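Those protein sequence lines, which keep their order, are chains A and B.
Under my numbering, the first residue of the first sequence is numbered 52, with each subsequent residue one higher.
Under my numbering, the first residue of the second sequence is numbered 1133, with each subsequent residue one higher.
Cβ coordinates follow ideal geometry from the N, Cα and C atoms, glycine included.
Bear in mind the structure is a predicted one, so any value in this text is a computation, not a measurement.
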Amino acid sequence: MDEKDCKVMVAKDLEDLIPVFMRNRHKELDALRVALAAADFEQLRQLGHRMKGVGNSYGFAHVSTLGKYIEDGARSGDRGALQASISEYDEYLSKVQIAYE
Amino acid sequence: MRVLLIDDDEDLRNLLSRYIRAQWADAEIEAYDPLERDMPGADFPLGSYDVVVLDYMLGRGDGLEWLKVLKQRPECPKVLFLTGAGNEIIAVRAMKAGADDYQRKQELTREKLISSLRELTANPIERTVSPDLASRMEGHALGGKVRIPGIKVLHLIGEGGTARVYLASREDDDEPLVVKILRHEIVTNKKALERFMEEYDMVERIQSRHVARIVGHGNYDNYAYLVMEFFEGGDLNKRLAGQAVAPAEALRFFRELMFALGDIHEKGILHRDLKPQNLMFRRDGSLAIVDFGIAKNIAAADRTNQGEVLGTPRYMSPEQVQGRALDLRTDIYSAGVLLYQMLTGEHMFDGQTAMEVAMHHLNSHPPLLPEHLQQYQRLMDKLVEKDRDARFRNADEVIGFLSRNFEQNAASDKTERLH
């Protein structure tokens, strides 16, 4: 993960939506972990798909990128790749810095 | 305006509501969560809304099924259907099921949403005052008018200087396709029409998996059209989104581009307008070149093209800027500029005007790659030499260079992500 990925610019008028957005991302991370532990690839695919859809919309491109990796990993049943992507998501959420413009 | 917004994702409902209210402060938005509520029943006041925004994946339902049911009701308002990117067959089915517009969710911006809603809810008076809207309405009307055997033209997805581009589908199996219809004002321009038809002739001749597959072409009621494959992976411009891609991926794209250039050069064709928007990705990740609108036979370019400057300044070779006779090394240079952008996320040269950028290609040394990309500097130098005699002579030479210097690296870069 590039340092650049962790710096996100969000439109000023969306600032009040970000706490809910971030809370949902953390819930999503928990759901991903549970789904991986249960080898529930359909759930992982759906969660990845949702990340892919919502990340870019808010300016969090890396959420979309990881969502795509997770969706692809779930389709191919690649547990190693899924584990790597979920760990990266965890790291990303702990490091992401948001600026409002 | 009253909007019914059906999406299972709270964040998207919040975001789209915010965009709509920012545009129409008095908008009434019903945020409908399909995880909490069943499909609107017969007693639901569907006709009281001006527009419905409906997602494809509803968590515990299929948006397409909802669309079909809602559209059976005569009072159903216009529907904007949201699909996942890379899933155009769903867009095709949605349009056939009665959706009035569709947007790829991943690429849905504030502007695209507002533009779509404005268009769907515009009254006749508004349509006369906005040139952009009028143009789009004209485009939609044209799409509905043109008849192509075996093909259904569904939806305007882009407008260029010479042609309008539509999502279409093959009637037999719903395969998504693209139809390019030459603008009416261009049809009357003999030179532009010849160029458009030349594009078809050239692309058909190439027959390479690295070049867009042409399904058909023809004329309908004074409109010239071209039917070609649809690229679900979008273009390089969208992939880059103003950022660098991982070096291994950049090199993979670049290698594919070299294979493409090898194929078209072998047929005696120069592209002359390589840019991120002209490099498309299929669902399997393979890359193909599109838009041969200003391509030329090598012989013709050498013979007749001196003094004529065509192409996109950011990616122009020095000899192209000078309007000199071109050979295939002009495409090698442009590909080098593209590789620079893929590796660094930045343009090789910037400027206030197109002319300023073009002059940099002629006179300025290309910026060095940053420290962590130094291993690609020698490759870059030989791609973007000002003196074309010092450049790689053809795509085969570049592919050989890549094989000798980077194949091992590509393999190790690829495994790096897995650990």
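Buried/exposed call for B/Ala1231, threshold 16 Cβ in 10 Å:
Position 99 of the second sequence holds residue 1231 of chain B. For B/Ala1231, the number of other beta carbons within 10 angstroms of its own is at least 16, and it is reported as buried.
Would you identify the three-state DSSP class for B/Gly1417, choosing helix, strand or coil?
What you label residue 1417 of chain B is simply residue 285 of the second sequence in a count that begins at 1. Here B/Gly1417 sits in coil by DSSP.
For B/Glu1603, which residues does DSSP report across the bridge?
Chain B is shown only over 1133 to 1551; residue 1603 of chain B falls outside these bounds and no answer can be derived.
Limits of the unbroken beta strand (DSSP E) element including B/His1234
Residue mapping note: residue 1234 of chain B aligns to position 102 of the second sequence, counting from 1. Here residue 1234 of chain B turns out to be Tyr, not His, going by the sequence shown. 1233 to 1236 is the extent of the beta strand (DSSP E) around B/Tyr1234.
Would a check of beta-carbon distances place A/Glu144 closer than 8 Å to chain B?
For this step, residue 144 of chain A is matched to residue 93 along the first sequence. The question names Glu, but residue 144 of chain A in the sequence shown is Leu. Closer than 8 Å to the CB of A/Leu144 there is not a single CB belonging to chain B.
Pick from A/Ile149, A/Tyr120, A/Leu144 that is closest to A/Gln134, judged by C-alpha positions:
Against the first sequence, residue 134 of chain A aligns to sequence position 83. Considering only alpha carbons, the answer is A/Tyr120.
To the nearest angstrom, report how far apart B/His1316 and B/Leu1406 are at their CA atoms.
Counting from 1 along the second sequence, the entry for residue 1316 of chain B is found at position 184. Counting from 1 along the second sequence, the entry for residue 1406 of chain B is found at position 274. Whole-angstrom Cα-Cα distance: 26 Å.
Measure from the C-beta of A/Arg130 to each C-beta in chain B and report whether the shortest distance is under 8 Å.
The residue given as residue 130 of chain A occupies position 79 in the first sequence. For A/Arg130, not one C-beta of chain B is nearer than 8 Å to its own C-beta.
With a CB to CB cut of under 6 Å and the five nearest residues on each side skipped, what residues in its chain are close to B/Asp1423?
Position 291 of the second sequence holds residue 1423 of chain B. Counting only Cβ-Cβ distances below 6 Å, and skipping sequence neighbours, we find Asn1410.
Can you find a C-beta in chain A that's less than 8 Å from the C-beta of B/Asp1405?
On the second sequence, position 273 is the one that residue 1405 of chain B refers to. The C-beta of B/Asp1405 comes no closer than 8 Å to any C-beta of chain A.
What residues are listed by DSSP as bridge partners for B/Lys1312?
Here residue 1312 of chain B refers to the residue found at position 180 when the second sequence is read from its first residue. DSSP, once it has assigned bridges, lists B/Val1297, B/Leu1358 as partnering B/Lys1312.
Cβ shell of B/Arg1461 (< 6 Å), same chain only, five flanking positions each side left out:
Start at 1 with the first residue of the second sequence, and residue 1461 of chain B comes out as number 329. The beta carbon of B/Arg1461 sits closer than 6 Å to those of Arg1520, Arg1523, all from its chain and outside the five residues before and after it, given in chain order.
Assuming B/Leu1178 contacts B/Tyr1188 (C-beta within less than 8 Å), just tell me the rounded distance between them.
Residue 1178 of chain B sits at position 46 when you count from the first residue of the second sequence. Residue 1188 of chain B sits at position 56 when you count from the first residue of the second sequence. No, B/Leu1178 and B/Tyr1188 are not in contact; Cβ-Cβ is about 19 Å, not under 8 Å.
Going by the DSSP bridge assignment, what does B/Gly1290 pair with across the sheet?
For this step, residue 1290 of chain B is matched to residue 158 along the second sequence. BP columns for B/Gly1290 point to B/Val1297.
Taking 8 Å as the cut-off, does the segment 1151 to 1160 of chain B touch the segment 78 to 87 of chain A (at least 3 CB pairs, one atom from each stretch)?
No: the two stretches stay apart, fewer than three of their Cβ pairs being nearer than 8 Å.
Please determine, among B/Arg1341, B/Ser1340, B/Gly1348, B/Val1183, the residue with the shortest C-alpha to C-alpha distance to B/Met1329.
Position 197 of the second sequence, counting from 1, holds the residue named residue 1329 of chain B. Measuring from the Cα of B/Met1329, the nearest candidate turns out to be B/Gly1348.
Taking only beta carbons into account, state which residues of the segment 1229 to 1254 of chain B come closer than 9 Å to chain A, listed in chain order.
From the segment 1229 to 1254 of chain B, only Lys1237, Gln1238, Glu1239, Leu1240, Thr1241, Arg1242 have a Cβ closer than 9 Å to chain A.
In whole angstroms, what is the alpha-carbon distance linking B/Glu1258 and B/Arg1250?
Stepping through the second sequence from its first residue, residue 1258 of chain B is reached at position 126. Stepping through the second sequence from its first residue, residue 1250 of chain B is reached at position 118. Reliability of the predicted coordinates at B/Glu1258 is poor, the pLDDT of 49 falling under 50, and no value is obtained from them.
For B/Arg1225, is the classification buried or exposed, using 16 other Cβ atoms within 10 angstroms of its Cβ as the cut-off for buried?
Start at 1 with the first residue of the second sequence, and residue 1225 of chain B comes out as number 93. B/Arg1225 is buried by the Cβ-count criterion.
Between which two residues does the alpha helix (DSSP H) harbouring A/Ile137 extend?
By 1-based counting over the first sequence, the position of residue 137 of chain A is 86. Going by DSSP, A/Ile137 is part of the alpha helix (DSSP H) stretching over 130 to 146.
Can A/Arg126 and A/Arg96 be called in contact, C-beta distance under 8 Å?
Within the first sequence, the letter at position 75 stands for residue 126 of chain A. Within the first sequence, the letter at position 45 stands for residue 96 of chain A. Less than 8 Å divides the Cβ of A/Arg126 from the Cβ of A/Arg96.
Whether or not the segment 97 to 113 of chain A and the segment 1235 to 1245 of chain B are in contact is what I'm after, with contact meaning three or more pairs of Cβ atoms, one per stretch, closer than 8 Å; do they touch?
The segment 1235 to 1245 of chain B, when compared against the segment 97 to 113 of chain A, does touch it at the 8 Å Cβ threshold.
For chain A, is any of its Cβ atoms less than 8 Å away from the one on B/Asp1513?
Taking the first residue of the second sequence as 1, we reach residue 1513 of chain B at position 381. For B/Asp1513, the answer is no, since every Cβ of chain A falls outside 8 Å of its Cβ.
For B/Arg1387, which residues from the same chain have a beta carbon less than 6 Å from its beta carbon, with the 5 sequence-adjacent residues on both sides left out?
Position 255 of the second sequence, counting from 1, holds the residue named residue 1387 of chain B. The residues Leu1534, in chain order, have a CB closer than 6 Å to that of B/Arg1387 in the same chain once the five nearest residues on each side in sequence are set aside.
Nearest-angstrom beta carbon gap, B/Ile1280 and B/Val1359 [assumed within contact, 8 Å]
Within the second sequence, residue 1359 of chain B is the residue found at index 227, counting from 1. Within the second sequence, residue 1280 of chain B is the residue found at index 148, counting from 1. Confirmed, Cβ separation roughly 7 Å.
On a CA-only basis, which of B/Ala1163, B/Gly1216, B/Tyr1181, B/Gly1290 is nearest B/Leu1137? Give me that one, please.
Taking the second sequence and counting its residues from 1, the one referred to as residue 1137 of chain B is at position 5. Minimum Cα distance to B/Leu1137 is reached at B/Ala1163.
Use the C-beta contact count for B/Val1441: other C-beta atoms within 10 angstroms, 16 or more gives buried, fewer gives exposed.
Mapped onto the second sequence, residue 1441 of chain B falls at position 309. Low per-residue confidence applies at B/Val1441: pLDDT is 45, beneath 50, and the placement is therefore not dependable, though the value from the model is reported in the following sentence. By the beta-carbon neighbour count (other beta carbons within 10 angstroms, threshold 16), B/Val1441 is exposed.
For chain A, is any of its Cβ atoms less than 8 Å away from the one on B/Gly1216?
Locating residue 1216 of chain B in the second sequence gives position 84, counting from the first residue. Yes, its Cβ sits closer than 8 Å to a Cβ of chain A.
Would you say B/Thr1476 and B/Leu1494 are within 8 Å of each other, going by their C-beta atoms?
Position 344 of the second sequence, counted from the first residue, corresponds to residue 1476 of chain B. Position 362 of the second sequence, counted from the first residue, corresponds to residue 1494 of chain B. At the C-beta level, B/Thr1476 and B/Leu1494 stay beyond 8 Å of one another.
Within 10 angstroms of the Cβ of B/Arg1169, are there 16 or more other Cβ atoms? Answer buried if so, exposed if not.
Counting from 1 along the second sequence, the entry for residue 1169 of chain B is found at position 37. Exposed: under 16 other Cβ atoms inside 10 Å.
Count the other CB atoms within 10 Å of the CB of A/Thr116; is the residue buried (16 or more) or exposed (fewer)?
Taking the first sequence and counting its residues from 1, the one referred to as residue 116 of chain A is at position 65. In summary, A/Thr116 is buried, with 16 or more beta-carbon neighbours lying within 10 Å of its beta-carbon over all protein chains present.
Any C-beta of chain B under 8 Å from that of A/Tyr109:
On the first sequence, position 58 is the one that residue 109 of chain A refers to. Interface residue (Cβ-Cβ distance to chain B less than 8 Å): A/Tyr109 is classified as such.
Which term fits B/Gly1439, buried or exposed, when burial requires 16 or more other beta carbons within 10 angstroms of its beta carbon?
Translated into the one-based positions of the second sequence, residue 1439 of chain B becomes position 307. Model confidence at B/Gly1439 stands at a pLDDT of 42, short of 50, so the residue's coordinates are unreliable; what they give is reported in the following sentence. If you draw a 10 Å sphere on the C-beta of B/Gly1439, you find fewer than 16 other C-beta atoms in it, and that means exposed.
What are the residues that DSSP puts in a beta bridge with B/Gly1195?
Taking the first residue of the second sequence as position 1, residue 1195 of chain B is located at position 63. B/Gly1195 is bridged by DSSP to nothing; it lacks a bridge partner.
Closest to A/Asp91 by C-alpha separation, out of A/Lys63, A/Val59, A/Phe111, A/Gly124, would be which residue?
Residue mapping note: residue 91 of chain A aligns to position 40 of the first sequence, counting from 1. Restricting attention to A/Lys63, A/Val59, A/Phe111, A/Gly124, the CA atom closest to the CA of A/Asp91 is found in A/Gly124.
For B/Met1171, which residues in chain A fall below 7 Å Cβ to Cβ?
Looking up residue 1171 of chain B in the second sequence gives position 39. Those within 7 Å of B/Met1171 in chain A number zero; the least Cβ separation is about 19 Å.
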